[in-house]
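Position 81 (the sequence shown) corresponds to 81 in the UniProt record's numbering; numbering is contiguous.
Glycine residues also receive a C-beta, built at the ideal position from the N, C-alpha and C atoms.
Written below as structure tokens is the structure these notes are about.
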Amino acid sequence: MTKKVLAGFLVGGAAAFGAWQALSADKKKQIKQAVADKTHDAVDYATDYAINALDLADGMVQDVKEQAVDKFGDKFSDLAGSVKKGADTVKKSADQAVNHFTNDDFDEQTAQIREELAKAQSDTSSQDDIVIDKTTDASDEDNDAASQDDHSSSSDQD
């Protein structure tokens, strides 16, 4: 079958070539023009079809978008607002951190802290602290209780 199809193409091509060569120049020009016109018409038709299909698809997408906005518009806008607010907060925090490390004078702050600590230490050195030691009271009570037990047991033995 393949050989017959190939033979048919060869015979048909040879016949078409022979017929083309037999035509006059004016007739060849008319055929070329007709083929060019049909090709141009086919390309125009295909382009129009593609444009119409794209318009329909765009219209359908737009309809779906409008329905989604109508249905979920408030939620999307709230979500977008929340995301924007969070992004602004993060940006503000980042800017503060950058400003802190780039613009603050750490030497001056350190000197101020040292002065405050020195002043606080000199103020407390003149005051006596009250020390409450719970362990010494407990051991004194234990000693008092033990001595009372010794006195009572010695009086019982007599």
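Asked                                                                                                                                              : Found
Please state the DSSP three-state secondary structure of S24.                                                                                      : coil
Which class does D158 belong to by DSSP, given the choice of helix, strand or coil?                                                                : Because D158 sits at a pLDDT of 49, beneath the cut-off of 50, its placement in the model cannot be relied upon, and the point is left open.
For M1, which three-state DSSP category applies?                                                                                                   : coil
Return the chain-ordered ranges of every alpha helix (DSSP H) run that is complete within the region 53-108 and spans a minimum of 4 residues.     : none
Can you tell me the Cα-Cα spacing of L117 and Q109, whole angstroms?                                                                               : 12 Å
Within its chain, find whatever has a CB closer than 6 Å to the CB of A22; leave out the 5 residues flanking it on each side and keep chain order. : none
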